[in-house]
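In our numbering, the protein residues as written are 2 to 230.
All C-beta atoms in this analysis are idealised placements derived from N, C-alpha and C, irrespective of residue type, glycine included.
Note that the structure is a prediction, hence the values are computed from the model and not measured.
Inspection log for the structure reproduced underneath, given as structure tokens.
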């Protein structure tokens, strides 16, 4: 299926995958694979998604494994749960819309109308420092919705980039000691949009003061919610 193909294609660059076929229908085995092959429009969406997935992996250095796990979960719980073509088409369009912000011009779709859904704008990878951020088996799934705050330069007490909830509570998204490289640059840009509402999804941990923060040893997915949604 395209997911197996695209894992290999991701290593070859966007220019190469732009003309590649998504998967070989002659080898379709599962019920859903056969449903995709039976409908040319859905097969094209599957091919588009292969390109989107590969381009997204290239766009988030250090977090490719996070996206791979998320994509596998989408395949299992969303796409493969479909019983008919209408469900499959909706699933593909929603996933394409979710990954659309991570697309460079070479892969961004120009001729497909995508629905308004929470859009994946970044993935914070697990901290590289495994001593400072060891695996935390007690961390529990956690989600925070609010504005993205970057006050590192102006607030001497800042814990790092944070999600500010409606009640003004700040949930550190990335602690200062783990903020680096592409993540720091991308989140600083996103935080400039004062009108945007973001949803951060990951795992929660608590420090000695009772401060909740996103567990740095796990992936954190950041989505921008549709305006007015």
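By the C-beta criterion, the stretch 134 to 149 is judged not to be in contact with the stretch 92 to 100, since fewer than 3 inter-stretch pairs fall below 8 Å. In terms of Cβ geometry, residue 222 and residue 71 form a close pair [threshold 9 Å]. Around the C-beta of residue 177, fewer than 16 other C-beta atoms lie within 10 Å, and the residue is accordingly described as exposed. Residue pairing of residue 215 in beta bridges, as defined by DSSP: 205. In the displayed model, residue 174 falls within a strand according to three-state DSSP. Residue pairing for residue 162: DSSP places it in a beta bridge opposite 175.
Excluding five sequence positions before and after residue 79, the CB atoms of its chain that fall closer than 6 Å to its own CB belong to 92, given in chain order.
Take residue 160, set aside five residues on each side of it, and the residues of its chain with a beta-carbon closer than 8 Å to its own are 171, 173, 176, 177, 212, 214, in chain order. Residue environment analysis places residue 157 among the exposed positions, since fewer than 16 neighbouring C-beta atoms fall within 10 angstroms of its C-beta. The residue from 225, 54, 219 with its alpha-carbon nearest to that of residue 193 is 225.
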